[in-house]
Amino acid sequence: MGIGNFISSAIKNYKDGEYNVALSLTCSALDATAKKINPSLSNNKRIKKFISDNMRIVSFFGLPGISCGGLRIDCDSIPEIKKDAQNRVGLEDIIYHAIRCNLIHECRPDPRIKFTAHTHIGDGKDGKFFLPSQILNGLIFSVLLQEANAEERVGFKMEIKLPNKIYDINELWGKKKELMPVMIGLIK
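Here the sequence shown stands for residues 74 to 261, where the numbers follow my numbering.
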């Protein structure tokens with residue numbers, strides 16, 4: 074099994090309503106990809122660096138209506154996550170600590186995370202931290218577009234509509250350099 078198989082299974086599970094399974098498979102594929110790119114970094118550092126370095130992709134595909142190079146957020150709902158001097162955390166910290174680590178160690182995201190159908194990011198009134206469920210799409214595409222994964226494939230056809238073209242998903246593996254101008258061009 075390779076990264077392509079994990080992404081393929083993640084997409085199938087997502088379509089079948091098995092969100093946590095899809096998220097777990099995607100986090101594993103993300104970790105394997107991050108290790109290809111930064112093999113000398115610790116697991117924690119390489120995953121956070123990968124997400125941070127690919128925030129434009131994560132946000133473009135995973136945060137509807139938002140495209141950003143970095144995201145710092147107030148997060149009182151999950152006090153264990155280390156905050157910066159402005160009392161904020163990076164989206165990469167939330168994904169690593171509250172989603173990825175919980176999935177690996179407890180087979181579920183942190184119960185204080187609430188996935189929504191809306192682009193609502195941050196603390197809610199009920200002590201939950203809100204994230205759009207489409208964040209999974211952003212993580213999938215951050216893995217899929219990496220040059221390090223250019224030889225990977227999923228075992229099915231699936232159309233991906235971008236502003237300039239309709240692609241089959243397997244055409245996109247390793248195409249980060251070609252697609253970044255499209256993503257950046259949409260926000261100018």
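Glycine included, each C-beta is placed from N, C-alpha and C at the ideal position. These numbers come from a predicted model, not from an experiment.
Can you give me the Cβ contacts of residue i inside the same chain, cut-off strictly under 7 Å, excluding the 5 residues immediately before and after it?
| i | result |
| --- | --- |
| D149 | D196 |
Between the alpha carbons of residue i and residue j, how many angstroms are there, rounded?
| i | j | result |
| --- | --- | --- |
| S215 | N127 | 6 Å |
| F134 | K250 | 16 Å |
| N78 | I177 | 18 Å |
| I139 | I130 | 10 Å |
| A39 | L252 | Only positions 74 to 261 of the chain appear in the structure, and residue 39 is not among them; the question remains open. |
| S82 | N175 | 20 Å |
| E220 | R226 | 13 Å |
| N111 | S125 | 13 Å |
In the DSSP output, what is residue i paired with across the bridge?
| i | result |
| --- | --- |
| G75 | DSSP, once it has assigned bridges, lists no residue as partnering G75. |
| E232 | D241 |
| T189 | P205 |
For residue i, does the three-state DSSP call read helix, strand or coil?
| i | result |
| --- | --- |
| D149 | coil |
| F203 | strand |
| F123 | helix |
| V131 | helix |
| G195 | strand |
Mark residue i as exposed unless 16 or more other C-beta atoms lie within 10 angstroms of its C-beta, in which case mark it buried.
| i | result |
| --- | --- |
| A171 | buried |
| S132 | buried |
Leaving out five residues before and five after residue i in sequence, what residues of the same chain have Cβ atoms less than 6 Å from its Cβ?
| i | result |
| --- | --- |
| A102 | I76, F79, I80, V216 |
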